Amino acid sequence: MSGPRSYVRVALPLPLDQTFTYAVDGASLRSGMRVLVPFHRQERIGFVVGHGGEEGVKRIRTVLSVMDTEPSVSESQMRLARWMADYYITSLGIALKTMLPSVLSDTSRDVVTLHDGPRGNLSPREVRLVEALTPGTSRSLQAVKRGLRMGSIWPEIRNLAAAGVVSVETLPPRPPPVKTERVVRVARWIDDIEELNVLVGRARRQADAYLALAGSGGTVELAHLTGQAGFSRSVIRGLEEKGLAVVEDREVERDPFADIPTGADPTHTPTDRQQKAIRRLVSAFDAGPREPFLLHGVTGSGKTLVYMEVLSHVLAQGRSAIVLVPEISLTPQTVARFRARFGDEVAVLHSALSAGERFDAWRQLRSGRRRIAVGARSALFAPVSDLGLIVVDEEHDGSYKQSESPRYQARDMAVVRSAQEGALCVLGSATPSLESWHNVDRGRFRLISLPDRVGGGALPPVRLIDLREARKKSKEEGGSRSEGGLVLTAPLVEAMRDRLRRSEQTILLLNRRGYSSFVQCRECGDVEICPACSISLTYHRGKARLVCHHCRHEQPTPERCPRCGSTDLSFRGLGTEQVERVVAETFPEARLARMDVDTTSGKWSHHEILGRVERGEVDILLGTQMIAKGLDFPRVTLVGVVNADVGIHLPDFRATERTFQLLSQVAGRAGRGELGGDVLIQTALPEHYAIQAALAHDYVGFATRELKERRHPAYPPMVRLINVVVSSPVAEDAAANAEAAARWLRTEVVSGTPVDLIGPAPSPIERLHGRWRWHFLLRSVSVKALGAGARRLQAEFRTRGKDVRIAIDRDPSALL
Ligand code: ADP
Ligand code: ZN
Ligand code: ZN
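So the sequence shown is residues 17 to 832, counted in the working numbering.
Quick look at the structure:
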């Protein structure tokens, strides 16, 4: 390498709160480019984040390889990454890595080739390296390195390459995992048919093939020519030999959604209400957007049409957009509507995409060939330029929060990104998060309400069925039981029977999978617990095993109590598998589909099940919270909630909010068509305010009450929280380190600041994946002070024992 030497600062995707200086010869590097650099005894892909000098750096190492010709990270993405690293207390390198498709942080695929010829004087390390290679064959550097176990081999490789002993294929700008198809292309254009005739001589088929090829624009898929068009491979080969055509690979962009029907044309004329909302949003956009908008529209109020109208205005101004949806597989209808309306402008980012497919979508957005990114959480990082709009549909949804590090909240980051890029931000929900509702109260967000369903349809009437009373009298009155007790009360059975008779559909919710959620000994009271987690094992009857829903540990169903040996075991706590059995026994003629994690492991199984419901091939759809989101089936006229109380008593400050949201959302699936609908909720807590509010479709009443509850003791959104979880395989280590960290924070950091420290205490789930967990909370109204405290904790804690981990979760979605 030659040329002037310069210095760059590089962020590495490691949990280190600093950047590193490297020298680079010759190349002029720009911020956002990826480089391969030596780090300790390894090579790492890092991101250039700035230029610098050599001052203060002890030993400057050199960039091994530049992996981009154009920056992979745009300036606006860099700005967002800086915010993310700072706010969520992670490193800039990790934030940047999170934003990019995984193939871009793939480690090197360089190959090294050993040449024949004189080798000169080699160092012992170089000799070892040469001995690992075979002359004339290329090997992956990484594989060579792994085999040698001698640390970084780059210095040796460089010397050997300089001496001409080996050659290294330099890294191309990341080998794109592109998919190709074989095409035939005209190599030489011939206008004169006589000339063509002379060239092909008696091979008439070659002339026909050439004309077919030329007649369709000059490039045709090989499969088409040899298939439908009926030319043999040897005819094509003849064209190749005469220099008239070439067969080559052409890149195709994969779009797994291409085969999925996009539904009917969804273009409706907006109602007056919708029109008003659209006008407000459009004029906010035109004026240069400021505060985000909260679109609070009841289920079926037509929020999607509002998004789409605003989106088309934004596109017409030459800008682009991001639409976030909770989980694509669960909201196929929303995605289909966007695709139907905006066609090839839409790139769908789906969790089932392969790394290559994800990369394709990324490139399409990056190049501006597609201007709308639709996807779950991580679509927030879509590399669109000229961002004009971010929509967060179902903004309350828990899936917007990433549970693994970096623990970002995509809805909150949507607000940040749109502010940074001057885009309009629209958060929509029928049951907004209390955070967003509170932001409306504080004047941070502006509120637009759609209080009515489109077409004047009423929200379905909700009826509560008191499970305590029903259990007492179900013997006399019917209802459907299983060995565990009453499952479906008589009124619910009656309502379902009625729907079956009228060929209408029922949705049945129970937010707990498996057959029985725990197994208990009647003699000694022992409950079967996961060996790695402090969680009871769920009985799955289908596979006759006990399963841990956190770590997936499985074991055979016991015949006797492992503690006292009694055979008197009771299987308690109702799950979907058991409901399925009871429904099947009660309505043998009904066509039943169950949708939960256990039935939807395949890539497209959600689509398959929902497709059957849509086509009317299912009478009763039973499932967990998966079925509560965004579904719009006009023939669903009954929603039954088997037990509304599941989860309501979890030791978590959001348990009540979640229960209300789930009940409201699932109730919103009923009566979306002209047939109307009913909702029946079975509960043992009919007086609970979350259930009462769901009964009355009263979001505002619920939010007002729940915000009051969050004042004393103070919980978000009244304060900000950071949950610090200290874990270790050794129970005492988790406890001792949590105590020590909390003590240190109290005395060294938070005293005299507006930050409270609460705890430490064992986490509600004390043990998970074999690790014991203790936690404490940092609580403050000051966003800044909170962040500063946690950052110091992280820096201090890095030096603790190696099996002890500390997880810092800012704005936690749950404290379990
Ligand atoms: P939400 O997301 O608010 O629950 P949707 O956007 O799913 O509501 O709309 C509910 C239903 O109403 C959908 O079937 C949609 O196609 C239909 N719809 C929306 N707007 C209109 C309109 N202006 N005229 C007729 N039908 C509409
Ligand atoms: Zn026992
Ligand atoms: Zn477990």
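Note that the Cβ used here is the ideal one computed from N, Cα and C, for glycine as well.
None of these values were measured; they are calculated from a predicted model.
| Asked | Found |
| --- | --- |
| Select from Phe247, Asp714, Arg162, Val658 the residue whose C-alpha is nearest the C-alpha of alanine 486. | Val658 |
| Would you kindly report the start and end of the unbroken beta strand (DSSP E) that includes leucine 340? | 336-340 |
| Quick check: leucine 802 and arginine 727, are their CB atoms within less than 9 Å of each other? | no |
| Taking Cβ to Cβ, would you say phenylalanine 676 is nearer than 9 Å to phenylalanine 718? | yes |
| Should alanine 758 be flagged as near chain D, meaning a C-beta pair shorter than 9 Å? | Among the chains of the structure shown, chain D does not appear; only one protein chain is present. |
| Should glycine 558 be counted as a contact of ligand 1 given a C-beta to heavy atom distance under 8 Å? | no |
| Measuring straight from C-alpha to C-alpha, what distance separates glycine 786 and leucine 525? | 32 Å |
| Whole-angstrom Cβ separation of histidine 329 and leucine 463, contact assumed at under 8 Å? | In fact, because the Cβ distance is near 21 Å, the residues do not count as touching under 8 Å. |
| Does the separation of the CB atoms of phenylalanine 792 and valine 740 fall below 9 Å? | yes |
| Have a look at glutamate 605 and leucine 241 and give me their C-alpha separation to the nearest angstrom. | 51 Å |
| Does the Cβ of valine 330 lie closer than 8 Å to at least one heavy atom of ligand 1? | no |
| Just the Cα atoms here: how many angstroms apart are proline 667 and leucine 516? | 39 Å |
| Considering only heavy atoms of ligand 1, does any lie closer than 8 Å to the CB of histidine 284? | yes |
| Give me whichever residues DSSP pairs with glycine 391 in a beta bridge. | Leu340, Leu365 |
| Since alanine 368 and leucine 381 should fall inside the 8 Å C-beta cutoff, what is the C-beta to C-beta distance between them, to a whole number of angstroms? | So it is not a contact: roughly 18 Å between Cβ atoms. |
| Cβ of threonine 315 within 8 Å of any heavy atom in ligand 1? | yes |
| Assess, as a yes-or-no matter, whether the region 310-324 is touched by the region 433-450 under the definition of 3 or more beta carbon pairs within less than 8 Å. | yes |
| Within 8 Å, do at least three Cβ pairs link the region 470-485 to the region 434-443? | no |
| In or out: glutamate 575 buried (at least 16 other Cβ within 10 Å) or exposed? | exposed |
| Inspect the beta-carbon positions of isoleucine 697 and alanine 644 and report whether they are closer than 9 Å. | no |
| For ligand 1, any of its heavy atoms closer than 8 Å to the Cβ of aspartate 33? | no |
| Ligand 5: which residues have Cβ under 6 Å from any of its heavy atoms, chain order? | This structure lacks ligand 5; the ligands present are ligand 1, ligand 2 and ligand 3. |
| Taking only the alpha-carbon atoms, compute the straight-line gap between alanine 356 and leucine 340 and give it to the nearest angstrom. | 17 Å |
| Does the beta-carbon distance from arginine 198 to valine 263 come in below 9 Å? | yes |
| From the DSSP output, in three-state form, read off arginine 190 for me. | Its pLDDT being 45, under 50, arginine 190 is placed unreliably in this model, and the coordinates cannot settle the point. |
| Look up alanine 27 in the DSSP assignment and say whether it is helix, strand or coil. | strand |
| Near glutamine 521, which residues of its chain fall below 8 Å by C-beta distance, leaving aside the five closest residues on each side in sequence? | Arg515, Val629, Gly632, Val634, Asp635, Ile636, Leu637, Phe649, Arg651, Val652, Thr653, Leu654 |
| For glycine 313, report the span of its beta strand (DSSP E) as first-last. | 309-313 |
| So the alpha helix (DSSP H) asparagine 455 belongs to, where does it begin and stop? | 450-457 |
| Taking 6 Å as the limit between beta carbons, can you name the residues of its chain near proline 189, skipping five residues before and five after? | Because proline 189 carries a pLDDT of 37, less than 50, the predicted location of this residue cannot be relied on, and the following value inherits that uncertainty. If we look at proline 189 and ignore the five residues flanking it on each side, its Cβ neighbours are Asp84, Thr85. |
| Please specify which runs of the alpha helix (DSSP H), each continuous and at least 4 residues long, are wholly inside the region 127-154, giving them in chain order. | 140-147 |
| Pairs of beta-carbons, one from the region 752-761 and one from the region 688-704, closer than 8 Å: are there three or more? | no |
| Anyone know if the C-beta pair for proline 348 and leucine 678 falls short of 9 Å? | no |
| Rounded to a whole number of angstroms, what is the C-alpha to C-alpha distance between glycine 359 and arginine 296? | 26 Å |
| Once you ignore the five residues that flank valine 563 on each side, which residues in its own chain have a CB closer than 6 Å to its CB? | Thr554, His556, Glu570 |
| When DSSP builds the beta bridges, which residues end up paired with asparagine 739? | Leu793, Asp825 |
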